[in-house]
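A.B. asks: First, the structure itself, so that you have it in front of you.
In this note's numbering, the protein residues as written are 9 to 205.
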């Protein structure tokens, strides 16, 4: 539980109230992370703009796959649950269950597995990354722009996830996620995949 004092939904004003209203409209509730990040509403708006520009450039399917992989590498319960829920707009539940449990055996294309491996490695040992990591993406057909977008998406997830972990923000469980999906998203955090070479 974070020690930070956040504005209640009935007392939020200005940009904070707008952030709360946007989440209520999109999600049906205001997540804990929004309440904490809205303490600095200008930075929160900048984060949302960055996130939106990356997702728009790479497409939502790829964006969510990279986000789920980066969240796996970081060990972020917050982002695995939140983006598992968001991913149900782009994947049917059975496919997402397979991806969440082990994306390497989920029947994804080689290129999708490679970008997820890249995101996991960036999130676990970015200092060990080199030309070979980007070369694998290039060899599977990704353009320079796509390689940069994959990197931006994974790095941006590190930014947000680490903030939430450092501030001990409560983990929200989206109410529409099934128990099976929650398990599929969270169980791999206890036995993280090894980094692919």
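Glycine is no exception: its CB is placed at the ideal position from the N, C-alpha and C atoms.
1. Does DSSP put residue 203 in a helix, in a strand, or in coil?
2. Tell me whether residue 97 sits in a helix, a strand or coil according to DSSP, three-state version.
3. With distances taken between CB atoms, is the gap from residue 121 to residue 81 smaller than 8 Å?
4. For residue 71, which of helix, strand or coil comes out of DSSP?
5. Around the Cβ of residue 144, are there at least 16 other Cβ atoms within 10 angstroms (buried) or fewer (exposed)?
6. If contacts are defined as beta-carbon pairs under 8 Å, then residue 123 and residue 73 qualify, I think. What distance do you get, rounded to the angstrom?
7. Determine whether the beta carbon atoms of residue 10 and residue 44 lie at a separation below 8 Å.
8. Secondary structure at residue 126, three-state DSSP: helix, strand or coil?
9. Within its chain, find whatever has a CB closer than 6 Å to the CB of residue 19; leave out the 5 residues flanking it on each side and keep chain order.
10. Helix or strand or just coil, what does DSSP make of residue 24?
11. Would you tell me roughly how many angstroms separate the C-alpha atoms of residue 155 and residue 36, rounded to the nearest one?
12. Can you give the Cα-Cα distance for residue 198 and residue 130, rounded to whole angstroms?
13. Could you name the residues of the same chain whose beta carbon sits closer than 7 Å to that of residue 95, not counting the 5 residues immediately before and after it, in chain order?
C.D. replies: Checking against the coordinates, here is how it stands:
1. Because the pLDDT of residue 203 is 48, which lies under 50, any placement of that residue in the model is unreliable, and the question is left without a value.
2. Under the three-state reduction of DSSP output, residue 97 falls in the coil class, being neither helix nor strand.
3. Contact: no.
4. Three-state DSSP puts residue 71 in a helix.
5. Classification for residue 144: buried.
6. Indeed, because the Cβ distance is near 7 Å, the residues count as touching under 8 Å.
7. It is a contact, given that the beta carbons lie within the stated cut-off.
8. Residue 126 falls in the helix class under three-state DSSP.
9. Nothing meets the Cβ criterion.
10. Three-state result, residue 24: helix.
11. CA-to-CA, the gap between residue 155 and residue 36 works out to about 34 Å.
12. Going by the C-alpha atoms only, they are around 19 Å apart.
13. Apart from the 5 residues on each side of it in sequence, residue 95 sits with its Cβ closer than 7 Å to the Cβ of 72, 76, 104 in its chain, given in chain order.
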